[in-house]
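Quick note: the sequence shown, position 22, residue 22 per UniProt numbering, numbers continuous. Comments concern the structure below.
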Amino acid sequence: MTHVVTESCIRCKYTDCVDVCPVDCFREGPNFLVIDPDECIDCAVCIPECPVNAIYAEEDTPPDQLQFIQINADLAKAAGWKSITKRKPALPDADDWKDKPNKLPQLQKEWSKG
């Protein structure tokens with residue numbers, strides 16, 4: 001089993017979770033974090049650290065968030081999505097986005113060039 005980052009993280013990208021991960025399984029995208037399922041050891045220490053409750057054990061992922069199991073697996077291997085091991089500031093407007101639903105269209109999968 002693995003853990004999954006879900007929609008609540010989109011446009012927030014709080015990184016409290018990465019500080020506690022013992023195996024550095026988080027990958028960072030432009031406005032979202034994912035968990036690499038090949039690296040996650042299912043320890044669950046990240047779950048209580050997430051201020052927006054975006055992380056679930058795979059088997060506990062809410063039905064409306066099941067697509068994020070595959071999204072995490074795909075983006076963990078995507079070009080530009082590198083390992084993140086230290087906390088960084090959240091996105092500047094994270095507090096404005098943290099409680100908004102239906103954020104999947106806001107997910108940026110590629111880093112902008114520049």
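For every residue, glycine included, the Cβ atom is placed at its ideal position computed from N, Cα and C. Owing to the predicted nature of the structure, the values given are computational and were not obtained by experimental measurement.
- The shortest C-alpha to C-alpha distance from Ala44 to any of Pro62, Asp99, Cys25 is the one to Cys25.
- Val18 is not a Cβ neighbour of Ile69, given a cutoff of 8 Å.
- No Cβ-Cβ contact shorter than 8 Å links Tyr14 with Ala76.
- The Cβ neighbour count for Ala79, taken over all protein chains shown within 10 Å, is under 16; the residue is labelled exposed.
- In terms of Cβ geometry, Ile35 and Thr85 do not form a close pair [threshold 8 Å].
- According to the DSSP assignment, Phe26 belongs to the beta strand (DSSP E) that extends over 26–28.
- CA-to-CA, the gap between Gln67 and Glu28 works out to about 18 Å.
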